[in-house]
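Read in my numbering, the sequence shown has 167 at position 156, and its numbers run on one by one without any break.
To start, the structure itself, in structure tokens.
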Amino acid sequence: MGNSMVKINGTYLTESNPIGHLKSHPLQLTYDGGFSEIKEQGMFKESTSLPSHLRSRGDQGKRRSGASSCPNSPDLSRLETKAVSKADSPEKDTETDVDDIFWNTRIVPILHELEKEENVEMVCAACTQLHHALEEGNMLGNKFKRRNILLKTLYKLVDVGSDPLSLKLAKIILALKVSRKNLLNVCKLIFKISRSKKNDSLIQNDSILESLLEVLRSEDLQTNTEAFLYCMGAIKFLSGNPGFLNEMISKDAVEILMNLIKQINENTKKCGTCFPNSGHLLVQITATLRNLVDSPLARRKLLCVSALPQLCTVMGQYMDDKDVCTNIARIFSKLTSYHDCCVALANYSRCYALFLNLINKYQKKQDLVVRIVFILGNLTAKNNQAREQFSKEKGSIPTLLALFHHTLYELDLRSEKRVGEGSEPPKAQTPQAQVEDVLIKLTRVLANLAIHPGVGQAMAANPHVVDPLLATLEYKSIDDCEELVINTTATINNLSYYQVKNSIIQDKKLYIAELLLKLLVSNNMDGILEAVRVFGNLSQDRDICNFIVQKNVHKFMMALLDAKHQDICFSACGVLLNLTVDKDKRVILKEGGGIKKLVDCLRDFGPTDWQLACLVCKTLWNFSENITNASSCFGDEDTDTLLVLLSSFLDEDLALDGNFDQDLKNYHKLQWETEFKPVAQQLLNRIQSHHTFLEALPMPAF
12 MGNSMVKING TYLTESNPIG HLKSHPLQLT YDGGFSEIKE QGMFKESTSL PSHLRSRGDQ
72 GKRRSGASSC PNSPDLSRLE TKAVSKADSP EKDTETDVDD IFWNTRIVPI LHELEKEENV
132 EMVCAACTQL HHALEEGNML GNKFKRRNIL LKTLYKLVDV GSDPLSLKLA KIILALKVSR
192 KNLLNVCKLI FKISRSKKND SLIQNDSILE SLLEVLRSED LQTNTEAFLY CMGAIKFLSG
252 NPGFLNEMIS KDAVEILMNL IKQINENTKK CGTCFPNSGH LLVQITATLR NLVDSPLARR
312 KLLCVSALPQ LCTVMGQYMD DKDVCTNIAR IFSKLTSYHD CCVALANYSR CYALFLNLIN
372 KYQKKQDLVV RIVFILGNLT AKNNQAREQF SKEKGSIPTL LALFHHTLYE LDLRSEKRVG
432 EGSEPPKAQT PQAQVEDVLI KLTRVLANLA IHPGVGQAMA ANPHVVDPLL ATLEYKSIDD
492 CEELVINTTA TINNLSYYQV KNSIIQDKKL YIAELLLKLL VSNNMDGILE AVRVFGNLSQ
552 DRDICNFIVQ KNVHKFMMAL LDAKHQDICF SACGVLLNLT VDKDKRVILK EGGGIKKLVD
612 CLRDFGPTDW QLACLVCKTL WNFSENITNA SSCFGDEDTD TLLVLLSSFL DEDLALDGNF
672 DQDLKNYHKL QWETEFKPVA QQLLNRIQSH HTFLEALPMP AF
């Protein structure tokens with residue numbers, strides 16, 4: 012019967028045309044007893060080569076929504092006779108009388124029922140009864156002498172072509188510990204049935220998953236690689252159903268799969284080469300693990316068995332297999348979103364060079380690169396040691412910059428230019444959303460790395476870092492590319508923190524300030540916040556302060572104090588503080604009720620953010636440097652409010668009476684003691700001394 016190629020999971024498996032009843036099964040089952048072997052050569056036709064179906068791209072296959080059906084064979088009667096003649100060959104009787112009685116009274120009647128019964132449901136019930144009886148009589152496994160009679164009967168029943176019956180038969184056959192081609196063909200049979208989502212309930216009811224996992228646990232990997240491949244293909248399909256996840260994890264699927272990976276790694280290391288089909292098998296294993304890591308219990312198990320280094324080893328050994336690398340990258344993308352897993356991978360120092368090699372090798376493969384860069388972003392987000400470790404790897408920053416340049420200039424901006432000119436895009440053009448996603452993840456990594464002082468200072472002086480960032484701000488709109496623009500501005504903010512010689516940021520500060528204006532007038536509060544933060548760093552420079560006043564940016568900063576947004580108020584207050592260092596610019600606080608807004612910020616946020624309260628006090632201190640009368644300086648109402656607030660906030664019992672856990676309370680107290688208290692006390696003293704028209708001694712500006 013002609014074969015068709017069915018695409019599953021991105022690979023191809025030979026599938027016979029489904030016709031209702033099994034006429035020519037594409038598999039071959041042979042009896043392989045513990046002491047002798049009876050081959051039933053004609054009963055199932057063997058597929059002569061590994062189907063390309065299970066070879067690669069294990070994440071992209073789609074399961075069929077309809078039920079599968081098993082093909083059948085026209086030569087069954089002839090083959091049955093042959094099998095009977097072999098089964099009836101004399102064998103040495105080693106059974107006890109008890110075994111014979113149990114066999115004759117419990118098993119034989121069920122076998123007779125299986126041979127004569129025509130109703131499929133009744134046959135299924137008899138199979139269930141048979142399995143229980145064999146288990147009760149301790150007749151499962153491969154040592155039972157009448158095992159060949161059982162297998163002959165079970166193999167014939169596969170011809171019925173019923174998925175529910177085939178699953179029950181497969182469960183018994185696996186419990187009888189078949190091996191070699193029989194194991195392969197039973198796994199093929201289960202794989203075919205598992206392709207249909209409608210069969211998931213059947214598989215779950217018959218506990219087929221447990222049987223499949225037992226195959227992976229107990230059989231030899233190298234002897235049964237192809238059988239393992241089909242077994243894993245079925246398990247991978249089932250792992251896509253959330254209803255199976257808890258069962259898989261509770262039955263040690265994580266440990267079993269990681270043991271397989273460990274065996275593959277050890278064999279590759281020992282032999283210096285990968286054994287046949289190991290790459291195809293890894294695609295199925297890693298695709299299954301990718302589905303399992305959504306479970307917190309699975310993640311804990313992965314950490315317990317040191318799975319992350321093993322997965323990195325696979326990546327290194329199978330770097331030429333993009334599908335294996337992509338699946339593992341997806342696993343790491345999920346795992347590094349959780350703190351404990353992220354720390355575990357960050358502590359495996361070899362991962363950084365591995366990820367860099369992957370970026371260099373697959374620079375033009377956006378689907379893989381975007382995940383690798385996302386992982387690096389997670390690793391460097393809150394871990395200064397990870398930032399340092401990564402930056403020390405040979406070619407780390409140049410590799411990121413080469414990717415940035417290729418993605419931004421070759422794929423993104425050039426594509427926009429073609430569209431703007433009305434040119435027809437090339438057929439193989441990378442989707443714009445995918446290109447932008449790489450840039451988003453990449454700028455996040457650069458922003459994280461810039462937090463490390465040594466790395467950040469070098470980046471600030473590197474035009475190959477700064478120029479693409481500025482190009483992004485120039486050509487991208489926050490309305491169209493919100494996350495990219497925000498990440499880019501955050502990176503520039505981190506770089507602008509460093510006042511270093513040869514800083515490109517400092518050299519181009521006025522150009523950067525111009526670019527930031529369009530963010531300030533946007534309706535995006537996150538974009539506004541990042542722009543204000545950059546102004547907070549740049550406004551330490553007199554030229555930028557002049558720019559701020561000339562462009563009326565200071566009025567915008569004072570308006571932001573009304574936003575009642577703690578982070579925005581903090582950043583805006585920082586800009587105003589820098590402006591008040593210049594005596595000529597202090598008067599601007601009188602415009603638009605600036606003093607009152609600062610006092611309101613102190614009242615609203617002081618008890619929860621002593622750093623913000625400190626900035627407010629420093630700004631008011633600079634503003635009042637030449638004070639002669641508190642009321643004329645701050646106004647009567649604001650002076651009275653300041654006296655009450657400062658006195659209250661300087662009372663330790665009142666100031667630190669907040670509902671915080673112990674660690675946060677200690678941090679809160681440290682901020683109050685080291686930052687707020689010294690400045691607030693001086694400001695209070697100044698106001699009190701001038702509240703009765705007393706002159707104050709000149710004090711330095713903050």
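We treat Cβ as the ideally placed atom computed from N, Cα and C, and that holds for glycine.
Exposed unless 16 or more other CB atoms sit within 10 angstroms - verdict on residue i
i      : result
Val496 : buried
Lys112 : For clarity, residue 112 is Ile in the given sequence; the question names Lys instead. Counting Cβ neighbours within 10 Å, Ile112 comes out exposed, since fewer than 16 surround it.
Asp174 : buried
Glu237 : buried
Ser289 : buried
Val304 : buried
Val119 : exposed
Lys403 : exposed
Tyr420 : exposed
Arg361 : exposed
Asp231 : exposed
Gln561 : exposed
Collapsed DSSP secondary structure at residue i in the structure displayed
i      : result
Ser306 : coil
Ser207 : strand
Lys345 : helix
Asp170 : helix
Asn358 : coil
His123 : helix
Met536 : helix
Arg74  : coil
Val466 : helix
Lys333 : helix
Leu623 : helix
Ser582 : helix
Cys644 : helix
Ala570 : helix
Arg544 : helix
Ile370 : helix
Asn338 : helix
Gly31  : Only weak support is given to the placement of Gly31: the predicted model assigns it a pLDDT of 32, under 50, and the value that follows is read from those uncertain coordinates. Note: Gly31 maps to coil in three-state DSSP.
Phe704 : Confidence at Phe704 is low in this model, with a pLDDT of 43, below 50, so the placement of that residue should be treated as unreliable; the coordinate-derived value is given next. Coil.
Ile489 : coil
His291 : helix
Leu187 : coil
His576 : coil
Val690 : helix
Cβ separation of residue i and residue j, assumed to be a contact under 8 Å, to the nearest whole Å
i      : j      : result
Leu717 : Gln577 : This structure does not reach residue 717, given that the chain is present from 12 up to 713, and the question cannot be answered.
Ile698 : Leu653 : 6 Å
Ile579 : Leu571 : 5 Å
Leu414 : Leu356 : The Cβ separation is near 20 Å, so there is no contact.
Gly538 : Leu549 : Actually they are not in contact, since the Cβ atoms of Gly538 and Leu549 sit about 17 Å apart, beyond 8 Å.
Ile272 : Val325 : 6 Å
Asn513 : Ala472 : 4 Å
Residue closest to residue i, alpha-carbon to alpha-carbon, out of the options
i      : options                        : result
Cys715 : Lys680, Gly605, Asp170         : No information on residue 715 is available, as it lies outside the stretch 12 to 713 that the chain covers here.
Asp717 : Asn389, Gln443, Ala364, Tyr349 : What is shown of the chain runs 12 to 713, which leaves residue 717 out entirely.
Asp170 : Ile160, Asn159, Val543, Glu129 : Glu129
Leu609 : Asp620, Leu626, Lys596, Val598 : Leu626
Asn371 : Tyr349, Ser261, His417, Asp647 : His417
Gly603 : Asn504, Asn563, Gly617, Asp615 : Asn563
Thr650 : His702, Asp615, Arg614         : His702
Glu636 : Asp593, Arg157, Gly646, Leu613 : Asp593
First and last residue of the uninterrupted alpha helix (DSSP H) at residue i
i      : result
Thr324 : 318-328
Phe385 : 377-390
Gly244 : 236-250
Tyr522 : 520-531
His143 : 131-147
Gln551 : First-last for Gln551: undefined, no H or E at that position.
Lys281 : 264-282
Thr639 : Here Thr639 belongs to no alpha helix (DSSP H), and DSSP marks it neither H nor E.
Asn473 : Unbroken run through Asn473: none, as it is neither H nor E.
Cys612 : 605-616
His416 : 407-416
Glu221 : 219-229
Ser514 : Ser514 -> no alpha helix (DSSP H), and no H or E assigned at all.
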